[in-house]
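Student: One structure coming up, written as structure tokens, with questions to follow.
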Amino acid sequence: MTDGTLRATDAVCPHRGGPIADGQFDLGHIVCPLHQYTFRFSDGGCTAEGIGSLGVYRIEDRAGEIVVWL
């Protein structure tokens, strides 16, 4: 994210189950490769109306171990 925090996301798009890991991303958003819906890393919300949210989780690097906050 643009503020330096790390995030993990759900593996599938809430719209039709597209593989989010195959999508393009930048520091603030990730795009589902199937229908190009864009989701914010900050809260998982979709930029389009009527599409569900993507689960987004805070993670920490603790001396080389990754901790995911569910």
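FYI, the numbering for the sequence shown is 1 to 70, going by the working numbering.
Virtual Cβ for every residue (Gly too), placed ideally from N, Cα, C.
(1) Between the alpha carbons of SER42 and CYS13, how many angstroms are there, rounded?
(2) Alpha carbons only, please: which of ASP26, ILE20, GLU60 and GLY64 is nearest the one belonging to LEU34?
(3) What span of residues does the beta strand (DSSP E) with THR9 cover, start to end?
(4) With DSSP as the reference, identify every bridge partner of PRO71, one or two as the case may be.
(5) Tell me the rounded alpha-carbon separation between THR38 and ASP61.
(6) Work out the CA separation of THR9 and GLY18 for me, nearest whole Å.
Tutor: Let me lay it out:
(1) 16 Å
(2) ILE20
(3) 6-9
(4) It is not possible to answer for residue 71, since the shown part of the chain is limited to 1 through 70.
(5) 26 Å
(6) 13 Å
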